[in-house]
Amino acid sequence: MKFLQENVKKQALAILKNDYEITDADLVFSLPGERKFGDLSTNLAFVLAKKIKIKPLLLANAMAGKLQNRLAEIESIQVAGGGFINFFLRRDPFLHYQWQNRMRPMPAKPEKIVVEHTSINPNKAAHIGHLRNSCLGDILARCCRFLGHEVEVQNYIDDTGIQIADVVWGLLYYQKKDLAAIKEISDLASYLWNLYAEVNQAFATDEKLAAARREVHKKIEEKINPEYEACLYIAQQVLLDHIRTMARLDIQYDLLARESDVIGLDFFKAAAAELTSRRVMTLSQDPEKQGCLVIRYEQENIEKIIVRSNQTITYVGKDIAYNLWKFGLLPRDFHYRPFFTYPDNHPIYMTAGEPGTPTSRFGQAGKVFNVIDVRQSYLQNLIAQVLLQLGHVEQSRNFIHFSYEMVAMTPGCVREMGLNLTPEEENKPYVEVSGRKGRAVKADDLIDQLIAKSRLEIKSRNPGLSPDEAEPIARAIAVAALRYFMVKFNLNSVIAFDFKEALNFEGDSGPYLQYTLVRLNSILKKAAAAGLGALNEPGCLARLEKAERELYWEIILNLSLLQPQVEYALANHELSSLAAYAYGLCQKFNHYYHLFPVLAEKDPLVKDLRLTLISLFKNKMEKLLQIMGISVPDKM
RNA sequence: GCACCCGUAGCUCAAAGGAUAGAGCAGCUGACUUCUAAUCAGCAGGCUGCAGGUUCGAGUCCUGCCGGGUGCGCCA
Numbered sequence: 036m037k038f039l040q041e042n043v044k045k046q047a048l049a050i051l052k053n054d055y056e057i058t059d060a061d062l063v064f065s066l067p068g069e070r071k072f073g074d075l076s077t078n079l080a081f082v083l084a085k086k087i088k089i090k091p092l093l094l095a096n097a098m099a100g101k102l103q104n105r106l107a108e109i110e111s112i113q114v115a116g117g118g119f120i121n122f123f124l125r126r127d128p129f130l131h132y133q134w135q136n137r138m139r140p141m142p143a144k145p146e147k148i149v150v151e152h153t154s155i156n157p158n159k160a161a162h163i164g165h166l167r168n169s170c171l172g173d174i175l176a177r178c179c180r181f182l183g184h185e186v187e188v189q190n191y192i193d194d195t196g197i198q199i200a201d202v203v204w205g206l207l208y209y210q211k212k213d214l215a216a217i218k219e220i221s222d223l224a225s226y227l228w229n230l231y232a233e234v235n236q237a238f239a240t241d242e243k244l245a246a247a248r249r250e251v252h253k254k255i256e257e258k259i260n261p262e263y264e265a266c267l268y269i270a271q272q273v274l275l276d277h278i279r280t281m282a283r284l285d286i287q288y289d290l291l292a293r294e295s296d297v298i299g300l301d302f303f304k305a306a307a308a309e310l311t312s313r314r315v316m317t318l319s320q321d322p323e324k325q326g327c328l329v330i331r332y333e334q335e336n337i338e339k340i341i342v343r344s345n346q347t348i349t350y351v352g353k354d355i356a357y358n359l360w361k362f363g364l365l366p367r368d369f370h371y372r373p374f375f376t377y378p379d380n381h382p383i384y385m386t387a388g389e390p391g392t393p394t395s396r397f398g399q400a401g402k403v404f405n406v407i408d409v410r411q412s413y414l415q416n417l418i419a420q421v422l423l424q425l426g427h428v429e430q431s432r433n434f435i436h437f438s439y440e441m442v443a444m445t446p447g448c449v450r451e452m453g454l455n456l457t458p459e460e461e462n463k464p465y466v467e468v469s470g471r472k473g474r475a476v477k478a479d480d481l482i483d484q485l486i487a488k489s490r491l492e493i494k495s496r497n498p499g500l501s502p503d504e505a506e507p508i509a510r511a512i513a514v515a516a517l518r519y520f521m522v523k524f525n526l527n528s529v530i531a532f533d534f535k536e537a538l539n540f541e542g543d544s545g546p547y548l549q550y551t552l553v554r555l556n557s558i559l560k561k562a563a564a565a566g567l568g569a570l571n572e573p574g575c576l577a578r579l580e581k582a583e584r585e586l587y588w589e590i591i592l593n594l595s596l597l598q599p600q601v602e603y604a605l606a607n608h609e610l611s612s613l614a615a616y617a618y619g620l621c622q623k624f625n626h627y628y629h630l631f632p633v634l635a636e637k638d639p640l641v642k643d644l645r646l647t648l649i650s651l652f653k654n655k656m657e658k659l660l661q662i663m664g665i666s667v668p669d670k671m
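What follows is the structure, given as structure tokens:
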């Protein structure tokens with residue numbers, strides 16, 4: 036479709052340039068919402084009318100007259116709506132082109148893309164807020180791969196922060212467990228979920244405890260046992276738990292970048308030299324920040340502390356160094372070791388402080404996507420600013436904060452879970468999810484609920500299925516429902532989480548998409564059994580009755596938009612447009628399915644055309660579902 | 001206080017400056033002896049928060065209000 040649009044544009048421009056002063060940018064095509072307005076439409080006449088002061092309608096008619104019958108791919112041209120020029124494609128050649136090119140692989144693109152997502156503090160189990168991050172990040176990575184990019188998925192592990200000190204303190208001093216006792220705790224991540232909320236409540240009410248926590252944090256930084264060893268153990272176990280949870284959703288990582296290695300390998304020192312010599316980072320003149328090194332955030336005219344008066348480095352400082360490294364702009368590298376292998380043999384590497392396994396180079400990105408919620412915009416913007424100030428113009432432009440709004444919970448949902456609300460919170464439209472307050476739905480619990488529900492649905496529809504057969508199907512449906520739910524909203528709309536919506540398997544949902552393909556596959560299977568497997572070139576659409584022909588064309592035309600849709604989603608940071616695209620296509624197909632039976636059709640040519648349509652639909656929709664991380668079960 | 005985001009049907013959300021503002025859920029009618037009814041067809045539901053402005057054209061852009069959220073830490 037994209038190729039065709041460009042081709043039509045080139046031809047039209049060549050013709051119109053003789054009579055009008057138009058540029059490449061003036062001629063923009065769009066797909067009209069209704070087919071009576073054509074397959075391609077342009078507002079060129081409106082744009083030009085302003086410049087040369089002629090009525091748009093007159094101009095549009097004149098232009099249409101000049102273009103009529105002179106564009107190879109265009110059957111006819113009409114003017115409508117006061118000046119839109121609408122183009123109707125030659126349908127049979129278009130269908131042939133789509134059919135012939137359906138298997139063509141996407142050419143590889145040279146630009147390597149690093150996507151950072153998940154990055155959960157390793158001190159408690161993952162919750163629904165993290166799921167939005169990981170699902171978006173994973174789909175983003177899949178979009179880039181689909182378009183031919185090399186993609187590296189990184190997960191940043193803050194294994195040194197105060198959050199982890201909280202639970203270390205909780206285990207060692209609040210619950211008075213020794214290391215051996217800690218190692219005996221099963222399902223540590225869930226256990227810490229409760230403990231983390233509990234100790235934070237304690238910290239809030241008792242000043243002295245906060246000092247104890249700082250003491251634990253200090254001991255971890257100075258590698259003093261048992262605090263340090265407990266910290267290492269907890270971070271590793273919880274991290275493994277997060278990896279396991281996300282693997283349930285088919286979300287995988289390539290590299291785990293540890294904050295302790297960013298610190299241990301003095302990444303910041305390497306960055307600091309440059310920051311200081313370019314006077315990006317300076318000694319603060321503010322008496323309250325005496326002895327601190329700061330960077331001025333220009334957008335809001337704030338001084339951000341990078342190096343504290345005690346010479347320790349803040350989170351932003353470490354993040355600046357880490358992101359410079361992602362682009363290969365730091366004269367320093369991590370060491371690496373293999374950490375984990377997925378059942379499909381895909382390895383995850385972890386950064387290391389000491390020389391480990393030699394491996395292919397990580398980082399060296401041409402473009403970086405950081406999937407982090409909107410609350411960190413200020414810090415991400417600061418990093419982009421710093422890249423620019425250091426003279427890395429290209430990298431600054433390719434440093435992308437893939438920002439999304441938070442997941443919240445309605446007061447009703449919080450109450451439903453048996454959790455407490457303050458009277459003030461009761462009256463809010465939603466309250467933010469918080470691991471610190473233990474106020475969130477745990478990721479694993481939600482996945483379990485989804486699987487349980489799909490199990491019931493499968494059982495009622497397919498009573499003969501054994502549990503062994505039903506289980507993978509239940510999982511596939513649960514994953515589809517969850518991933519679709521997480522991607523269908525606009526990035527800047529807050530998701531006010533609601534069990535009823537998230538557990539919906541009907542209508543605008545992941546299982547709806549799966550069901551469409553399951554039925555379609557069933558037709559193809561039966562057609563193959565009847566010896567109708569191999570398909571020839573598509574026949575002429577004229578063979579179809581008008582009503583079917585129009586619907587058929589509508590579907591073919593929309594199917595051709597897969598690649599432009601993915602490019603649009605990526606360029607505009609709007610992955611929800613992919614969900615809407617997939618849903619719209621399936622709606623159209625289901626409508627067609629009900630009106631026009633395939634296998635019962637008597638006319639062999641019509642039957643062939645219908646089989647062509649469903650083959651093409653399967654081809655495109657499977658690619659689209661793969662981008663969304665949704666698999667298609669054999670039956671539902 | 002400053003900065004960013006949101007306000008569309010009873011509810012949850014779409015609408016890429018464009019043609020008659022669309023879906024799902026909930027409600028009401030209908031369609032399983034048929035390629036799987038997790039489906040489909042239909043009914044009903046709207047001063048797009050308010051007031052101005054820009055434009056051939058505004059839910060979308062600008063200004064001001066009203067209501068809500070978030071960020072602005074020597075936490076990460």
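Each residue of the first sequence is one higher than the one before, starting from 36 at the first, in this note's numbering. Just so it is clear, CB atoms sit at the ideal spot from N, CA and C, and this is done for glycine as well.
Roughly how many angstroms separate the alpha carbons of residue i and residue j, rounded to a whole number?
{"i": "N229", "j": "I199", "result": "14 Å"}
{"i": "K324", "j": "A606", "result": "40 Å"}
{"i": "L594", "j": "Y616", "result": "9 Å"}
{"i": "V686", "j": "D533", "result": "This structure gives no information on residue 686, because the portion of the chain shown stretches from 36 to 671."}
{"i": "L620", "j": "V421", "result": "43 Å"}
{"i": "S431", "j": "F362", "result": "10 Å"}
{"i": "A558", "j": "L491", "result": "Note that residue 558 corresponds to Ile in the displayed sequence, not to Ala. Whole-angstrom Cα-Cα distance: 26 Å."}
{"i": "Y465", "j": "V442", "result": "9 Å"}
{"i": "A531", "j": "L517", "result": "15 Å"}
{"i": "A32", "j": "K560", "result": "Past the edges of the chain, shown from 36 to 671, lies residue 32, and the structure says nothing about it."}
{"i": "W134", "j": "T386", "result": "46 Å"}
{"i": "G205", "j": "C179", "result": "42 Å"}
{"i": "V667", "j": "L552", "result": "7 Å"}
Just curious, the beta strand (DSSP E) that residue i is in, first and last residue?
{"i": "S76", "result": "75–77"}
{"i": "Y384", "result": "382–387"}
{"i": "E110", "result": "109–115"}
{"i": "L328", "result": "328–332"}
{"i": "T317", "result": "316–318"}
{"i": "I148", "result": "147–151"}
{"i": "V529", "result": "No beta strand (DSSP E) holds V529; DSSP gives it neither H nor E."}
{"i": "P373", "result": "370–376"}
{"i": "A292", "result": "290–293"}
{"i": "F122", "result": "119–124"}
Would you call residue i buried or exposed, if buried means 16 or more other Cβ atoms sit within 10 Å of its Cβ?
{"i": "R139", "result": "exposed"}
{"i": "D241", "result": "exposed"}
{"i": "F428", "result": "Residue identity check: residue 428 is Val in the sequence provided, not Phe. So V428 ends up on the exposed side."}
{"i": "E262", "result": "buried"}
{"i": "A604", "result": "buried"}
{"i": "I341", "result": "buried"}
{"i": "R474", "result": "buried"}
Could you tell me which residues DSSP pairs with residue i in its beta bridges?
{"i": "D408", "result": "Y439"}
{"i": "N96", "result": "For N96, which the question treats as bridged, DSSP gives no partner whatsoever."}
{"i": "T58", "result": "Its beta-bridge partners do not exist; DSSP assigns none."}
{"i": "V466", "result": "M444"}
{"i": "F624", "result": "In the DSSP output, where bridge partners are listed per residue, F624 has none listed."}
{"i": "V342", "result": "L328, I348"}
{"i": "H162", "result": "K477"}
{"i": "K45", "result": "Partner(s): none; K45 has no beta bridge."}
What are the boundary residues of the alpha helix (DSSP H) that residue i is part of?
{"i": "M663", "result": "639–663"}
{"i": "P458", "result": "458–461"}
{"i": "I192", "result": "First-last for I192: 185–192, but that is the beta strand (DSSP E), not the alpha helix (DSSP H)."}
Contact the segment 653–662 vs the segment 565–578: 3+ CB pairs below 8 Å: no
The segment 210–218 in contact with the segment 627–640 per 3-pair CB rule at 8 Å: no
Three CB pairs or more closer than 8 Å across the segment 95–102 and the segment 39–56: yes
The segment 188–206 contacting the segment 287–306, beta-carbon criterion three pairs below 8 Å: yes
The segment 64–81 touching the segment 111–131, judged by at least three CB pairs closer than 8 Å: yes
Sufficient close CB pairs (3 or more, under 8 Å) joining the segment 433–440 to the segment 396–408: yes
Given 8 Å, three or more beta-carbon pairs between the segment 583–602 and the segment 637–653: yes
Cβ contact (3+ pairs, closer than 8 Å) linking the segment 150–159 and the segment 276–289: yes
The segment 477–488 touching the segment 160–172, judged by at least three CB pairs closer than 8 Å: yes
Three CB pairs or more closer than 8 Å across the segment 328–341 and the segment 351–368: yes
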